[in-house]
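Anchor point for the sequence shown: position 325 equals 324 in numbering that gives the first Met the number 0, and the numbering is continuous, going up by one each time. Below is one structure, written out as structure tokens; comments come after it.
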Amino acid sequence: MIIPQILYRTLTSADSQCVKKVAWNFGFGAARSVSKFKKRMKRGLFFPPFLYISILNSCNLRCQGCWVDVDKPREAIDLDDLNRIINDAREHGNRFFGILGGEPFMHPQLIELIAQHPDCYFQIFTNGQLITDKKARQLRELGNATPLISIEGTEIVSNERRGGKDVLTRTLRGLDNCLKQGLLTGVATSLCKSNIDDLLREDWLRKLIERGVHYAWYHTYRPVGPQINAQLALNPEQVRKVRQFVVDMRAKLPLVLIDAYYDDKGQALCPMATGISHHISPTGAVEPCPIIQFSNDSALDSRGIYQTMTQSSFLRDFRETAARNTRGCIVLERPDLVKSLVEKHRAKDSTIRKTAMLELESMEPRPSQFIPDEAIPEKHWMYRLAKKIFFNDFGVYSELDPAAYDRAPGRAVNESDGERSSSSKNAAA
Ligand code: SF4
């Protein structure tokens, strides 16, 4: 019965313009772009239907584990260049764009960008603190953007995790401005050791529902960047618990729950390896994904983003190498492979701090979303269907090395005793 409840909640709380735009620009538009993506794949051409663009590096917070150069001089992609990227992607069927930073609401041309592409749909990854009532109203009038607001813990944990004061209070103020204006609004959390017990709970999701939030997204903390804070990373048992919780709550609560790491059968996948998404950094560098901060191509290149990405041997080699070696995260599980790919292609460090290789060399292999021991399939038919059609591995793991199941760090490693189980081969069946 959750679908009628979700529809009722959406239609009675969201502005009608926002509902129309999400249904058409995202519902129909993004779905069509995935089918175009699949057709291109058959011709050996990879251009992601979901482009993620970090429009600037600046941010008003300093989060633990952030890989963005938030403390460095501002780098931003200006409106003309952003329009060129979006128009070229749009010509090839794309309608959805993920807008990241730094903090996107610090970019002076964000609203103008969204206004100039009324048939596209934008998901803005934000800490919510700069979303005033006026900004929220402007977004409502446009209707083609959804703020995805990150909440990383209770007030105390938020201040610690995000390096600020009153962090949660200020974020909730921005969230309420969005909900008051009837924006389709989501809440994201990067689950880690310091917030999993507070936020991976049914009563937390019910609080979000009561507040009027429309969807939620649980990421898992990636210990990368200049200060990796590895102690915060989840262990395989916790990663499995997250997956089980999400599947259970999807079948129980009138709140859409997003994930980007599992197909309908619960098999792990990497969005970069499937080619469904790639990333553009604040300097315009084309990167396999946000945490692989190396590049050989620029989105500002006169060829345009479509040619640049479809012709990139660096991106292709990254996708294929990842898909041959793990269903999980190549950065976490095989930093050695990332290093060898960067050296093979003589790719440049695309950070402003220029320490990406040092950071990579200091990384130890660690578990990711790939838990070979067991796949937890979707319980609810709506998610099963949506993933079957629009979000799965698109067959890219057909050449996955069977030994990947044995060597995956995510096997049931009990951190305290280092014991390993031996049932991985079953998962391969
Ligand atoms: S490489 Fe890792 S962080 Fe990047 S898209 Fe894949 S799973 Fe996600």
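Here a beta-carbon is modelled for each residue, glycine too, at the ideal position from N, C-alpha and C.
- Taking C-alpha positions only, L112 is separated from L78 by approximately 6 Å.
- At least 8 Å separates the beta-carbon of A29 from that of R89.
- Per DSSP, reduced to three states, the secondary structure at P146 is strand.
- In the structure shown, W216 falls within a strand segment according to DSSP collapsed to helix, strand and coil.
- Looking at the DSSP output, A75 bridges to L55.
- Judged by DSSP in its simplified three-state form, A187 adopts strand.
- Between Q292 and the set Y382, L299, H277, the nearest pair of CA atoms involves H277.
- Not one heavy atom of the ligand SF4 is found less than 7 Å from the C-beta of S312.
- Look at A272: its beta carbon is less than 7 Å from one of the heavy atoms in the ligand SF4.
- One thing to note: L129 has its Cβ no nearer than 8 Å to the Cβ of N228.
- Our two residues, T168 and D132, have alpha carbons roughly 15 Å apart in a direct line.
- Nearest in C-alpha terms to P289, of all of D14, D68, S32, is D68.
- Non-local C-beta neighbours of K134 in its own chain, meaning closer than 8 Å and more than five positions away in sequence, comprise F104, I110, N176, ordered along the chain.
- In terms of Cβ geometry, S189 and H218 form a close pair [threshold 8 Å].
- Residue environment analysis places T11 among the exposed positions, since fewer than 16 neighbouring C-beta atoms fall within 10 angstroms of its C-beta.
- Counting along the chain, the unbroken alpha helix (DSSP H) around S312 starts and ends at 312-324.
- Rounded to the nearest whole angstrom, the CA to CA distance from P107 to A402 is 49 Å.
- Rounded to the nearest angstrom, the Cβ distance from N82 to P117 is 13 Å, too far for a contact under 8 Å.
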